[in-house]
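Undergrad:
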Amino acid sequence: MNGSFNWAVTVQFEDDGEWIMRSPRSDYGQFPSELSGRLLANEASTLKYLGKVTDIPIPEVYSYRECMSRGHILHERYSLDEVPRGPFATESEFYNSLITAVLHHAEPLPLTPHCFVAPIPSREDYENDTAHQDACDLWNGFVAIGDRIDSAENRLDYIIVGDSLKDIMAQRTTGYLTHSLPDPFPLHHPDSNAGNIFVDDDFNITSIIDWSFCSSVPLAILLAPPGLPQSRYALGKDLIKVFREGYKETSRLKCHIERQSFLSSDALAILEDSEFSWSLIRLLTFESTDDLRLFRTLWNTVHTPDCDLESFIISQRHLPHYVRLYEKMQVEDRHIAEHQMAKGLF
23 MNGSFNWAVT
33 VQFEDDGEWI
43 MRSPRSDYGQ
53 FPSELSGRLL
63 ANEASTLKYL
73 GKVTDIPIPE
83 VYSYRECMSR
93 GHILHERYSL
103 DEVPRGPFAT
113 ESEFYNSLIT
123 AVLHHAEPLP
133 LTPHCFVAPI
143 PSREDYENDT
153 AHQDACDLWN
163 GFVAIGDRID
173 SAENRLDYII
183 VGDSLKDIMA
193 QRTTGYLTHS
203 LPDPFPLHHP
213 DSNAGNIFVD
223 DDFNITSIID
233 WSFCSSVPLA
243 ILLAPPGLPQ
253 SRYALGKDLI
263 KVFREGYKET
273 SRLKCHIERQ
283 SFLSSDALAI
293 LEDSEFSWSL
303 IRLLTFESTD
313 DLRLFRTLWN
323 TVHTPDCDLE
333 SFIISQRHLP
343 HYVRLYEKMQ
353 VEDRHIAEHQ
363 MAKGLF
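Per the working numbering, the sequence shown starts with residue 23, numbered consecutively.
(1) Within 8 Å, do at least three Cβ pairs link the region 170-180 to the region 131-138?
(2) Using a Cβ-Cβ cutoff of less than 6 Å, which residues in the same chain neighbour I231 once the five nearest sequence positions on both sides are dropped?
(3) Kindly identify the DSSP beta-bridge partner or partners of W209.
(4) Work out the CA separation of L250 and L261 for me, nearest whole Å.
(5) Suppose contacts are defined by Cβ-Cβ distances below 8 Å. Is R194 in contact with V33 by that definition?
(6) On the three-state DSSP scale, how would you describe N28?
(7) Check this for me: beta carbons of S45 and N28, under 8 Å apart or not?
(8) Could you give the C-beta distance for L314 and F138, rounded to a whole number, given that I count them as a contact under 8 Å?
(9) Quick check on DSSP: helix, strand or coil for T228?
(10) Taking the Cβ atom as the reference point for each residue, do L187 and I243 lie within a distance shorter than 8 Å?
(11) Please classify M43: is it buried, with 16 or more other beta-carbons within 10 angstroms of its beta-carbon, or exposed?
(12) Which class does R107 belong to by DSSP, given the choice of helix, strand or coil?
(13) Please classify W300: does DSSP put it in a helix, a strand, or coil?
(14) Along the chain, where does the beta strand (DSSP E) that runs through E40 open and close?
(15) With a Cβ-Cβ cutoff of 8 Å, do S214 and P247 count as a contact?
(16) Could you tell me the alpha carbon to alpha carbon distance between D330 and S253, rounded to whole angstroms?
(17) Just checking my contact of P143 with A157 at CB under 8 Å: how many whole Å lie between their CB atoms?
(18) Quick one: is F317 buried, meaning 16 or more other Cβ sit within 10 Å of its Cβ, or exposed?
(19) For Y344 versus Q338, is the C-beta distance shorter than 8 Å?
(20) Cutting at 8 Å between CB atoms, please list the residues of its own chain near D312, excluding the five before and the five after it.
(21) Please report the straight-line C-alpha distance between T326 and E113, rounded to a whole angstrom.
(22) With distances taken from CA atoms, which of Y180, L72, D37 is nearest T307?
(23) Going residue by residue through the region 303-343, where are the continuous alpha helix (DSSP H) segments of at least 4 residues, counting only ones entirely within it?
(24) Distance check for K350 and H357, CA to CA, integer angstroms please.
(25) So what does DSSP say about Q34, is it helix, strand or coil?
(26) Is there at least one Cβ from chain C nearer than 8 Å to A63's Cβ?
(27) Only counting runs of 4 or more residues, tell me where the alpha helix (DSSP H) segments fall wholly within the region 143-190, in order along the chain.
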C-alpha cells in the first residue's frame, strides 16, 4: 500500500493478529531522513497523548524507530526565520504566520497546479463528463502557453492575494472571545479525508490514522466541517448541518465539566460561522483547485457588492511596488529559461 509519503505492508501473525508496518517512501515523496524521524516521533507522541486524554479512535503504536541509514540526512537547510513558528498568543498571529509563508512561497517556489486567474475546471460546473474533460483540455493548453503557472504574472497575483489577506484579517472582527475557551488552540488533524477514516459495517468510526502533521490551530479551524472525500472538497449544506448538530450533541454528552465552555455562545458562534475559516485555511495551505473562489469568499465578508474583486486585482498590479516586483521576477524568469535552454543544448 502506498500513500503520499509512506508505504505500508500488512504483517499477519500465527495467532491471527494483524499489524500494519509503515515506512517513509524513498521515491518522489521522500523526506530527508532526519525530518522523517522527527515526523514519526511526533506522530507517536501525538497518538499517545490522544489515547490518554480523548476517546478519539486511533491506532495503537507497538513500536517505532528511525531508519539506521543516515546517508540522506539534510545537514543544512533554509531555516525560514522570517516565518513565525509560534507558540501564538492570538489567532491573528497564527494566520499572519501562514500568510507570511504564502508570500515567501509565491515568489521563488513552484505553484503547480495553482493559476489564480484560471482555476482548474470543477466537475460540478459542467453538465457531463465530456464537457468537463473539454474544459480541462482547454485549461491545460491555456496554462502551458508561456508557462503561466510559474510566470511572474501568476506569482504577482498570489503576492497581491497574500498582502490583501492581511488587510481582510485586520478588517474582520469576529467577536469570538477565544481567550474564554479552555483550549483556544486545540489539536487538529489536517487531512481528515475518507482514506484516513476507518469505519465498520455499521458506519461507526473505528480508527483515524495519519496524524504526522497534527498541530494546534485556532478553534475556528477545528470546528469547520471536514472536506470529503478529500479535504479540498466542501460538504453540502445538509451534511454541514449534520456535522454541527453532531458537535453540539457530542459536546453535551461527553465533554468533561471543565470543558463545557465549548458549548458557550462564543464556541457556538464559531461553529455556525465556519465558511470563512474553511476557505481561509485551504487558501493559505494551497489545499484547493480554485483559489480564486476561496479568495472571493473571504473578500466578500469585508467588502460591499459594489467592490469588484477583479478590478481590485488589476489596480493592485499597477501600483509602483508591485510593478517593481513584477519586473524583478521577470528578470529571474528569463535567467531560469536561459539556463534550461543551455542545459538542453548539451
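Quick reminder that beta carbons are idealized off the backbone N, C-alpha and C, glycines included.
TA: Here's the rundown:
(1) yes
(2) Residue 231 sits at position 209 when you count from the first residue of the sequence shown. The residues are P81, N218.
(3) The residue given as residue 209 occupies position 187 in the sequence shown. The residue you asked about is not Trp; residue 209 is Leu in the sequence shown. Beta-bridge pairing links L209 to S238.
(4) As a first step, residue 261 must be located in the sequence shown, where it is residue number 239. As a first step, residue 250 must be located in the sequence shown, where it is residue number 228. Taking the straight line from one Cα to the other gives about 10 Å.
(5) On the sequence shown, residue 194 is found 172 positions in, with the first residue counted as 1. On the sequence shown, residue 33 is found 11 positions in, with the first residue counted as 1. Going by C-beta atoms, R194 is not nearer than 8 Å to V33.
(6) Taking the sequence shown and counting its residues from 1, one reaches residue 28 at position 6. Strand, per DSSP.
(7) Residue mapping note: residue 45 aligns to position 23 of the sequence shown, counting from 1. Residue mapping note: residue 28 aligns to position 6 of the sequence shown, counting from 1. Going by C-beta atoms, S45 is nearer than 8 Å to N28.
(8) For the purposes of this step, residue 314 is taken as residue 292 along the sequence shown, with counting starting at 1. For the purposes of this step, residue 138 is taken as residue 116 along the sequence shown, with counting starting at 1. Yes, they are in contact, since the Cβ atoms of L314 and F138 sit about 6 Å apart, within 8 Å.
(9) The residue given as residue 228 occupies position 206 in the sequence shown. In the structure shown, T228 sits in a strand (DSSP, three-state: E or B).
(10) As a first step, residue 187 must be located in the sequence shown, where it is residue number 165. As a first step, residue 243 must be located in the sequence shown, where it is residue number 221. Not a contact, by the Cβ cut-off of 8 Å.
(11) Working through the sequence shown from its first residue, we reach residue 43 at position 21. With fewer than 16 other Cβ atoms within 10 Å, it is exposed.
(12) The count along the sequence shown starts at 1 and reaches residue 107 at position 85. R107 falls in the coil class under three-state DSSP.
(13) If you number the sequence shown from 1, residue 300 lands on position 278. W300: helix per DSSP, three-state reduction.
(14) Indexing the sequence shown from 1 puts residue 40 at position 18. Element bounds for E40: 40-46.
(15) Against the sequence shown, residue 214 aligns to sequence position 192. Against the sequence shown, residue 247 aligns to sequence position 225. No. Outside cutoff.
(16) Taking the sequence shown and counting its residues from 1, the one referred to as residue 330 is at position 308. Taking the sequence shown and counting its residues from 1, the one referred to as residue 253 is at position 231. Using only the alpha carbons, I get a separation of about 29 Å.
(17) Locating residue 143 in the sequence shown gives position 121, where the first residue counts as 1. Locating residue 157 in the sequence shown gives position 135, where the first residue counts as 1. Confirmed, about 4 Å.
(18) For the purposes of this step, residue 317 is taken as the residue at position 295 of the sequence shown. It is buried - the Cβ of F317 has at least 16 other Cβ atoms within 10 Å.
(19) Locating residue 344 in the sequence shown gives position 322, counting from the first residue. Locating residue 338 in the sequence shown gives position 316, counting from the first residue. Yes.
(20) As a working note, residue 312 is residue 290 in the sequence shown. Only P141, I142, S144 meet the Cβ criterion.
(21) Position 304 of the sequence shown, counted from the first residue, corresponds to residue 326. Position 91 of the sequence shown, counted from the first residue, corresponds to residue 113. Those two C-alpha atoms are separated by around 25 Å.
(22) Taking the sequence shown and counting its residues from 1, one reaches residue 307 at position 285. Selected option, being the one with the closest Cα: Y180.
(23) 313-322, 331-339
(24) The count along the sequence shown starts at 1 and reaches residue 357 at position 335. The count along the sequence shown starts at 1 and reaches residue 350 at position 328. Their Cα atoms are separated by approximately 11 Å.
(25) The sequence position of residue 34 within the sequence shown is 12, counting from 1. Q34 falls in the strand class under three-state DSSP.
(26) Among the protein chains of the structure shown there is no chain C, as only one such chain exists.
(27) 151-166
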